[in-house]
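Numbering (my numbering), first residue to last: 526 to 1109.
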């Protein structure tokens, strides 16, 4: 072998060793950098004319396990979704309060229902007590306010989820654009023969971050570009030379009446809603919270509120205030031209403050074809006036303000629903509203506890003027209201609750228990997903990450190789100089 060949080998070895040392040093320096993968550049023999003339370093590459990388993106999607589910489950449970606290009082609607039950039981013992009536009214106000607050909190959480979807979509689009830009740079670098290893690390980090937001599938082309699709591959997010960004419209306002897709936006790409095809990641869980989990939670408390309104009002409309109210105004909206169909007879009486009969009439409800006909008949009763006010509510007033109005349903049944006249028009409603967000104490009762219906008008076949027909000591209505709270009620299926027959308090306790169970399940799932992600991350680090000890040892070997190559180069130069001196 000529000295020239030896010199070439020594020079190439020196250069290769120096390059390998820089790669190894970079690996050590970036060992703790998130997303960094071990870089390698293998040494290959340089051969010319069948004879080795040195070594060269191959193009720098990342040491990446493709299978583990795809498993890691899938695990990241699962973890991203589990994190959101656990966060929202915990937030939702906190809104319901505790069934029992350290002092045994409790802060939930179930406890407020029990407080109302206690107040009604006490009133049933002394129905003429104004202070006990005030206590019932106060308990009702506290309960309805708690319903309102819980409903508002749930809808605020839905609004938060909607806003979080908008943020997640923006972040996803940032990563989609980033992957597209990285693709352009990587393809260009490979075409030039340059290393793209660091760019590929950056792209891999963007893919992982995108997968935390939504589940994706991806593949790499022969040119080095990564094509990204939705998990079902039905829509491309990153193409070879372009990107498709997600679209989403954040709602200006979210209420219990706002729903997807009529009132809330989905995730759109290329003009198509892909919400249903997003199976995991934070976006999937946020959509599930906004459109299913929290909607179910609202439905459950709405069912409780609606049932409470119906049962309380059905009972209160069987009674009258004692002393009687001078004016009764219904809560049901009607029009005089509305058709009217009923059977049986109802009784309307004018009673003085002591409960003595002033006048009355028993109306045959089959004789009226419209609401207006019935109102006209009521207005014709001696001592009272009736009309439909500007809000569409029936108003009945005693002509003499010293008197009041009392009603008895008798055997009257309106619209085939077995509703009494009082119940049909809502003349003695204690509660109004259509659900948890709107439930409230009826305006006519809210400021006057004395108007709470506690007594029944006599249903004797005939009444005698001057006789007591309404007693302040009547316990029937207060006891019936107490029984409503204590007795079993049938609730329709709503949200995550199936049809069930139980008490109001027990129904709410079951809802609260369900939310606590949901938190436990979510936390357990999060722990499992976190563990799975960490396991794959560890395996990926082992396969593709930097082992500092190994790299340090490698660096020592390269330093020795560099030293030997330098010595070899020095020897060949000395030999050249000796030969040149001999020639001279």
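All C-beta atoms, glycine included, are put in the ideal place defined by N, C-alpha and C. All values reported here derive from a predicted model rather than from experimental measurement.
Assigned secondary structure, residue i (DSSP; H/G/I helix, E/B strand, else coil)
i            : result
residue 1105 : helix
residue 474  : Nothing about residue 474 can be read from this structure; the chain reaches only from 526 to 1109.
residue 620  : helix
residue 878  : coil
residue 588  : Caution applies to residue 588, whose pLDDT of 49 falls short of 50 and renders its modelled position unreliable; the value that the coordinates give is listed next. Reduced to three states, the DSSP call for residue 588 is coil.
residue 930  : strand
residue 825  : helix
residue 794  : strand
residue 994  : coil
residue 1028 : coil
residue 1022 : strand
residue 685  : helix
residue 627  : Here residue 627 scores only 46 on pLDDT, less than 50, and its place in the model should not be relied on; the value that follows carries that caveat. It is coil, neither helix nor strand.
residue 787  : coil
residue 1016 : strand
residue 863  : coil
residue 1058 : helix
residue 1097 : helix
residue 1037 : helix
residue 754  : strand
residue 819  : helix
residue 883  : strand
residue 520  : The chain is shown from 526 up to 1109; residue 520 falls before or after that span and cannot be answered.
residue 1047 : helix
residue 850  : coil
residue 640  : helix
residue 984  : coil
Beta-carbon spacing of residue i, residue j below 8 angstroms
i            : j            : result
residue 999  : residue 979  : yes
residue 1030 : residue 654  : no
residue 775  : residue 688  : yes
residue 480  : residue 994  : The chain is shown only over 526 to 1109; residue 480 falls outside these bounds and no answer can be derived.
residue 873  : residue 789  : no
residue 955  : residue 841  : yes
residue 743  : residue 755  : no
residue 709  : residue 768  : no
residue 770  : residue 690  : no
residue 838  : residue 948  : yes
residue 918  : residue 854  : yes
residue 834  : residue 672  : no
residue 1026 : residue 1015 : yes
residue 601  : residue 733  : yes
residue 603  : residue 1048 : no
residue 810  : residue 966  : no
residue 800  : residue 792  : yes
residue 1020 : residue 781  : no
residue 1044 : residue 615  : yes
residue 1061 : residue 597  : yes
residue 868  : residue 946  : no
Identity of the residue in the options nearest residue i by Cα
i            : options               : result
residue 992  : 883, 934, 774         : 883
residue 1003 : 1020, 977, 1028       : 977
residue 886  : 650, 687, 984         : 984
residue 891  : 858, 940, 919         : 940
residue 862  : 837, 989, 901         : 901
residue 632  : 1059, 899, 1037, 1107 : 1037
residue 643  : 661, 819, 889, 652    : 661
residue 987  : 652, 935, 705         : 935
residue 1023 : 852, 748, 944, 829    : 829
residue 856  : 913, 907, 1035, 832   : 913
residue 666  : 1097, 609, 1049, 964  : 964
residue 858  : 851, 909, 952         : 952
residue 663  : 729, 970, 780         : 970
residue 881  : 806, 960, 783, 981    : 981
residue 990  : 920, 647, 1058, 908   : 908
residue 803  : 1108, 693, 711, 945   : 693
Cβ-heavy atom distance, residue i to the ligand MG, below 7 angstroms
i           : result
residue 649 : With respect to the ligand MG, the structure offers nothing, as it holds no ligand at all.
Query raised in the report: For the 8 angstroms Cβ check, are there 3 or more pairs between the segment 847-859 and the segment 717-727?
Result: Between the segment 847-859 and the segment 717-727, the count of C-beta pairs closer than 8 angstroms stays below three; the two stretches do not touch.
Query raised in the report: Is the segment 735-746 touching the segment 687-704, taking contact as three or more C-beta pairs under 8 angstroms?
Result: In the pairwise beta carbon analysis, the segment 735-746 is classified as touching the segment 687-704: at least three pairs are separated by under 8 angstroms.
Query raised in the report: Are there three or more Cβ pairs, one per stretch, closer than 8 angstroms when the segment 894-907 is compared with the segment 927-938?
Result: The answer is no - the segment 927-938 does not touch the segment 894-907, with fewer than three Cβ pairs under 8 angstroms.
Report task. For the segment 708-751, list the alpha helix (DSSP H) runs that are entirely contained and at least 4 residues long, ordered along the chain. Result -> Entirely contained in the segment 708-751, the alpha helix (DSSP H) runs reaching 4 residues are, in chain order, 722-738.
Requested in this report: Please confirm if the segment 808-819 is in contact with the segment 756-769, defined as three or more CB-CB distances below 8 angstroms between the two stretches.
Outcome: With the cut-off at 8 angstroms, the segment 808-819 and the segment 756-769 do not touch.
Report task. Jot down the residue ranges of each uninterrupted alpha helix (DSSP H) in the segment 642-708, minimum 4 residues, whole runs only, in chain order. Result -> For the alpha helix (DSSP H) assignment, the segment 642-708 encloses no uninterrupted run of at least 4 residues.
**Report entry** the segment 673-687 / the segment 817-836 touching (three or more Cβ pairs under 8 angstroms)
**Finding:** By the Cβ rule, the segment 673-687 counts as touching the segment 817-836, because three or more pairs are nearer than 8 angstroms.
**Report entry** Secondary structure, beta strand (DSSP E): runs of 3+ residues fully inside the segment 891-974
**Finding:** Segments of the beta strand (DSSP E) lying fully in the segment 891-974: 909-913, 919-923, 928-933.
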